[in-house]
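Peer 1:
There are 4 protein chains.
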Amino acid sequence: MGHNSFGNAFTVTTFGESHGPALGVIIDGVESGFKIDMEGLQAQMNRRRPGGNPTGTKRNEIDELSILSGVYEGYTTGTPIAMILYSTNQKSADYEHLKDVFRPGHADWTFYKKYGIRDIRGGGRSSGRETSARVAAGALAMQLLAKRGISIQGGTVQVGPIIARARNWDEADNVMRCPDRVAAQQMVDLIEQVRVENDSIGGIIECRVNGVPAGLGEPVFGKLQALLSHAVMSIGAVKGIQFGSGFASAFMRGSECNDQRTSNGFLSNHAGGILGGISSGQEIVLQAAIKPTSSISRAQQTINKNNETTTLVVEGRHDPCICPRAVVVVESMVAITLLDLYYTAFGRT
Amino acid sequence: MGHNSFGNAFTVTTFGESHGPALGVIIDGVESGFKIDMEGLQAQMNRRRPGGNPTGTKRNEIDELSILSGVYEGYTTGTPIAMILYSTNQKSADYEHLKDVFRPGHADWTFYKKYGIRDIRGGGRSSGRETSARVAAGALAMQLLAKRGISIQGGTVQVGPIIARARNWDEADNVMRCPDRVAAQQMVDLIEQVRVENDSIGGIIECRVNGVPAGLGEPVFGKLQALLSHAVMSIGAVKGIQFGSGFASAFMRGSECNDQRTSNGFLSNHAGGILGGISSGQEIVLQAAIKPTSSISRAQQTINKNNETTTLVVEGRHDPCICPRAVVVVESMVAITLLDLYYTAFGRT
Amino acid sequence: MGHNSFGNAFTVTTFGESHGPALGVIIDGVESGFKIDMEGLQAQMNRRRPGGNPTGTKRNEIDELSILSGVYEGYTTGTPIAMILYSTNQKSADYEHLKDVFRPGHADWTFYKKYGIRDIRGGGRSSGRETSARVAAGALAMQLLAKRGISIQGGTVQVGPIIARARNWDEADNVMRCPDRVAAQQMVDLIEQVRVENDSIGGIIECRVNGVPAGLGEPVFGKLQALLSHAVMSIGAVKGIQFGSGFASAFMRGSECNDQRTSNGFLSNHAGGILGGISSGQEIVLQAAIKPTSSISRAQQTINKNNETTTLVVEGRHDPCICPRAVVVVESMVAITLLDLYYTAFGRT
Amino acid sequence: MGHNSFGNAFTVTTFGESHGPALGVIIDGVESGFKIDMEGLQAQMNRRRPGGNPTGTKRNEIDELSILSGVYEGYTTGTPIAMILYSTNQKSADYEHLKDVFRPGHADWTFYKKYGIRDIRGGGRSSGRETSARVAAGALAMQLLAKRGISIQGGTVQVGPIIARARNWDEADNVMRCPDRVAAQQMVDLIEQVRVENDSIGGIIECRVNGVPAGLGEPVFGKLQALLSHAVMSIGAVKGIQFGSGFASAFMRGSECNDQRTSNGFLSNHAGGILGGISSGQEIVLQAAIKPTSSISRAQQTINKNNETTTLVVEGRHDPCICPRAVVVVESMVAITLLDLYYTAFGRT
């Protein structure tokens, strides 16, 4: 399988460069006879799009989905579904000043070393824009999971030093997608300050899944947490992932960390809903660490193609904090992984 | 590919249950003509084995490798290498008291729900003993990487509240494999205390890789950190993983987190040696969160097959802290992943 | 990997339905820095297109390639290449009379049984038109193989009772792509007669590959002939495949069939250039049996959705003999397979 | 996936060299809770073993299966099943005379070219003995298919010029496994004559599958005939495969070759039970061309490692006609493929 594909029973293949003619995704293995909610798909696309969130970039892009195959009269046919996002803006001129220099924190240099070619169009394949194709696939996966009673909810739970204490998910329709309304406003204020300072800031995204039956996940290397980690860690900005008590487990005793249970159910969920790589029927809880956006309009030291030290100010309008938009990408990768494992464990019906 | 296999160009397939007749691994894709250092293999096996570390279980097991194929007169032939660990102790009697009850924090219940069968022999396939087969494959991978100038060093850097401050890797040959000699002794003392209290404790393992050339890792879903996360998170006790600054990135500004560079090299390594999913040539640094051992000799609430609440004391001699032995498993999975990606990017020569 | 994908190191994923908005292919794993000969690609597309051959259908379709990704300023970048063929004719009206009836020899019924849905648009995914996406990928593979000195030549060597005796490949630029000019003319005459009789006819395609170095193919299940068979047998009209002496081997003695050799080289090529699943350096020779086109304008018995017997005359202009166009598809699948194995054995440089 | 593995939902990985310590197979993806008929497994092993058939080699080997994992108290557990065949005869001395010379028709030379190493132990990995591991996996697959009402029957239908006319499968328990008792005796006589002449002879194996429901097979590249071809063509001695009318289709008109049908069913089966890559519910019929055994005790020209022409007489007792034993291998590969596709299409229950 190529490295631009993910999943076995529900296989997603993405292609396309930022500022190329189009991005797209081929989705193979979808059950037949499912009526796609096209408005729902587009709504999820809009949650991720640039300009769709006041904390993000001011660039305004429309991610309009075109479906080229696999759907007949609104229903899936069982054949591969191709979804395309044509670019409305292919101007590479904006990037001309980056032609010979490598942006700090970006993939410019490693791609150049690996491929011996420099595609300067907005980061090419390593751009965050690539994730729009994943969101298209993830949105479909979420609909197919919803049919099975499985729901996925992501949100920002930390930005810099601001940490959400509450988990009121019905409050999470704020611009931060944060389940703590008070923290959300503090995050927004901090991000605005960071923007003014021409800087960026990191955060943590939490994702919760409800309705997963016991039995998802395939030992040994197909463990649920292993595949979810593969999926979420394939998002460029993610630098860490944890399940349940995660890194806090390092401080714990077994007598505290073990989830005891009675005939009425589990008494805690330190495991994050997974035991031995298989879903236990509890809520699945994971967190992803998001690094600060690499593109900042501050002078930074870097090198050019001749390995000469130089100073770079990255121009353009970038998200000071990627979290609110990355929430949608995390949800998408979680959805893709869960549907893949659901099909594997329980078939397509 | 089956879910008991990992890797594409260097493919590892494990089999076997704890207390079954044998565990083993099939390694496919190895270059031909490589002289295996059999003593080196066995030495790495010994680092993981029960009874090999004073902080661990007092059970004393020998993991002696038998090679059944793929090697001729000491050299690899290019055909699959089968390595087997025959069990010297298959007594299932010790586990008879667990027949109808599900141990907290274990995979007993999820395996039972998924497969409808209860293999009580020491946890069967979900036992930590399964990882011995991975260590065999990992030990070979480490030799093949060493030939290419790549070295992997893991160690315990946290146990409960004891956190290693130093990174003196030449001190790491202590029982904790901790790069901070003072912290190591504190860890040992704490673990002994935890053992006396019939409890267990978690920790953090760090793994560093030196000598990786720029260019390893395949965007988009084959990103180096994504595959390493898949690999390391497939170890049962691992609840989280992070690269470079990891979760600390959430607190950072871009101006701090971006790794600037001059013609003399990078000025920092917050990225942990990976940019855009591709190795940058810097040291690769990752950490894995290890939960406290689930098996403790304390009364815990759980249920039996009839969903009746019951109280269980898990008998037997278990590791109060799995970190020193898990270090070897983390190293192994890192080695397997890196060699797979090395073969993919640069071929077998 | 999804079932609409083929290949490991050079991975081809196709999508699209006949008479849907578009067909396409995503090609993953291509080396970077290769200058694509776009005219050459289009020329190969034209060899397969309907209306491009006097023996075929009179329908005239243009298969114009659009490249959406993976190419920058004419050179491959190492990222996935998406090639799209937009449909100029999406009229489904022509197929309205087939809505409730299953065409003999077609996949109508099995797709309906499998997917519970009937996409009547020209056979949907099972149409021969699906192969146009493979030809696009195959044309690129042929260019990448040519760079390595490997050339692929296919031709029609049998149509009904007319069997080519000669192998003058420099004569094969006739409409049958037949390496025997005399037989070619007889084939054309026979096909015209078949067309007048509203019937169709089968044939045999031969494909030869020169310049393959010894060493291609991966035992055991990745044997060169196994993967080539997988590839070629995935073409809908192919009912059999053989290598070298193939089915004639059944009549042979070992003393005749073994290819003896001297220091000057092999004395024969009954093996068809493959020994033990690995290329020997000799010419690779394979043949594929092509069934007569299923769509014929003659009354045939079949059933409808209510399992009632009915009589059907398939309308429209179909190829009485698919061989000349299928030659291009066979070449394409051979090229895709060889490049995949070449990358696997020798890397991308 | 490594090239020594086959199948996606039911994955078979083989290892081991002829005259190495053991051969074996890891079977991943088997449903849990299935009671294995161990005597049935061994019986199928015995059908393939050397010395088990009077037309074959006089070498007498026992292929006794050891199961190392995946089975608990006689039932499958859902974890990988490891089956091992330990060698009782590892004498490499017999092969000493072959050390520097390449046997005609064998993989000696291509393995040497590919791997740069010469494992002279009975052909190593390319020996027919490798197929014993496949037969073990195939025997299990046949039991799992039988539970679902699917039966597989292979037989020899041609040896040299002797062609079976009848298809009386209840007569097929003769030494040739030939469904024509009269032809079977002629085949036996011919093989004895060939043996006396120190030669070998080819043949054709037919395999029929009954009870397959409509719906098996996954378009486009996962077509039933494509995967069956991959599987069967991975057997070293097979030089061709055809389905239904196969190569005879080349002579046919569409009006003859199309399988018409009425409400009472199909009127013919030229397609061999597959339409558009999906099983139609008809009997699946395929034939495999078997080349004459390469090892013959006649002087043949070949080269040695110094590329000097030399003459070789292969010593030892080899099968003059491999067909009766290869029947079992073909059945096995067909069974493995069908179960893989069955699990994919219909799940494990």
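Chains as they are written, first to last, in this note's numbering: chain A, 8 to 356; chain B, 8 to 356; chain C, 8 to 356; chain D, 8 to 356. Backbone N, C-alpha and C fix where the C-beta goes; we use that ideal spot for every residue, glycine too.
1. Taking its Cβ as the centre, do 16 or more other Cβ atoms sit within 10 Å of B:K246, making it buried, or is it exposed?
2. What span of residues does the alpha helix (DSSP H) with B:M340 cover, start to end?
3. Entirely within the stretch 106-143 of chain B and at least 4 residues each: give me those alpha helix (DSSP H) ranges in chain order.
4. For a contact defined as C-beta to C-beta under 7 angstroms, what are the partners of B:G130 on chain C?
5. Would you identify the three-state DSSP class for A:G253, choosing helix, strand or coil?
6. Which bits of chain D does C:K106 rub up against, with CB to CB less than 7 angstroms?
7. Should B:T84 be flagged as near chain A, meaning a C-beta pair shorter than 9 angstroms?
8. Using only the alpha-carbon positions, how far apart do B:F118 and B:N11 sit?
9. Drop a sphere of 10 angstroms on the beta-carbon of A:K154, count the other beta-carbons inside from all chains shown, and report buried for 16 or more, exposed for fewer.
10. May I ask you to list, following chain order, the residues of the stretch 46-75 of chain C that have a beta carbon less than 7 angstroms from some beta carbon of chain A?
11. Rounding to the nearest angstrom, what Cα-Cα distance links D:L274 and D:E213 in this structure?
12. Give me the DSSP bridge partner(s) of B:L90.
13. Please list the partners that B:M8 has in chain D, where partner means a Cβ-to-Cβ separation under 8 angstroms.
14. Between which two residues does the beta strand (DSSP E) carrying B:Q267 extend?
15. Chain C partners of A:Y79, CB-CB under 9 angstroms?
16. Which class does D:L223 belong to by DSSP, given the choice of helix, strand or coil?
17. Quick one: is B:A173 near chain A, going by C-beta distance under 9 angstroms?
18. Within 10 angstroms of its Cβ, does C:V320 collect 16 or more other Cβ (buried), or is it exposed?
19. Please name the residue in D:S39, D:F250, D:M240 whose C-alpha comes closest to that of D:Y79.
20. So, at 6 angstroms on beta carbons, what are the nonlocal neighbours of D:A278 in its own chain, with the 5 sequence-adjacent residues on each side left out?
21. Could you tell me which chain A residues have their CB closer than 7 angstroms to the CB of B:D409, listed as they occur along the chain?
22. Under 9 angstroms, Cβ to Cβ, is there at least one residue of chain A near B:L282?
23. Compute the Euclidean distance between the alpha carbons of D:G218 and A:S134, then round it to the nearest angstrom.
24. How would you write the range of the alpha helix (DSSP H) that B:N53 sits in, first residue to last?
25. Could you please give me the residues that DSSP links to B:A296 through a beta bridge?
26. Measure the Cβ-Cβ separation of A:G131 and C:T84 and say whether it is below 9 angstroms.
27. Under a Cβ-count criterion, where at least 16 other Cβ atoms within 10 Å of its own Cβ denotes burial, should C:T95 be classed as buried or exposed?
28. Specify whether the stretch 336-344 of chain B and the stretch 197-207 of chain D touch according to this definition: at least 3 beta carbon pairs, one from each stretch, less than 8 angstroms apart.
29. Leaving aside the five residues before and after D:S302 along the sequence, list all residues of the same chain whose C-beta is less than 6 angstroms from its C-beta, in chain order.
30. Would A:L92 and A:A29 be called neighbours here (beta carbons separated by less than 9 angstroms)?
31. For D:L234, which residues in the same chain have their Cβ closer than 7 angstroms to its Cβ, ignoring the five residues on either side in sequence?
32. Assuming B:S236 contacts A:H113 under a Cβ cut-off of 8 angstroms, what Cβ separation, rounded to an integer in Å, is found between them?
33. How would you list, in chain order, the residues of chain A whose beta-carbon sits under 7 angstroms from the beta-carbon of C:I33?
34. Taking the beta carbon of C:T20 as the centre, do at least 16 other beta carbons fall within 10 Å, making it buried, or is it exposed?
35. Between the stretch 203-235 of chain A and chain B, which residues of the former have a C-beta closer than 9 angstroms to a C-beta of the latter?
36. Taking just the CA atoms, how far does D:D70 sit from D:R332?
Peer 2: Quick answer:
1. buried
2. 330-353
3. Taking only runs of at least 4 residues, the alpha helix (DSSP H) segments lying wholly in the stretch 106-143 of chain B are 115-122.
4. Here the premise fails: no neighbours, minimum Cβ distance about 32 angstroms.
5. helix
6. Correct list: empty, because the minimum Cβ distance to chain D is about 18 angstroms.
7. Judged by the 9 angstroms Cβ criterion, B:T84 is not in contact with chain A.
8. 15 angstroms
9. A:K154 comes out exposed.
10. If the cut-off is 7 angstroms between Cβ atoms, the stretch 46-75 of chain C has L75 near chain A.
11. 21 angstroms
12. For clarity, residue 90 of chain B is Met in the given sequence; the question names Leu instead. Per DSSP, B:V32, B:I74.
13. Neighbours of B:M8 on chain D, chain order: M8, S12, N15, T18.
14. Taken as a continuous stretch (DSSP letters only), B:Q267 belongs to no beta strand (DSSP E), as it is neither H nor E.
15. E24, G27, I124, R125, D126, I127, R128, G131
16. coil
17. no
18. C:V320 should be labelled exposed.
19. D:S39
20. G251, D266
21. No information on residue 409 of chain B is available, as it lies outside the stretch 8 to 356 that chain B covers here.
22. yes
23. 52 angstroms
24. 45-55
25. Answer is B:I211, B:G247.
26. yes
27. exposed
28. Not touching, per the Cβ criterion.
29. V321, H325
30. yes
31. Same-chain partners within the cutoff: T344, L348.
32. Between A:H113 and B:S236 the Cβ distance is about 21 angstroms, and since that is not below 8 angstroms, they are no contact.
33. T20, F22, I33
34. buried
35. E204, N205, D206, S207, I208, G209, G210, I211, P220, A221, G222, L223, G224, E225, P226, V227, F228, G229, K230, Q232, A233, L234, L235
36. In a straight line, the C-alpha of D:R332 is about 13 angstroms away from that of D:D70.
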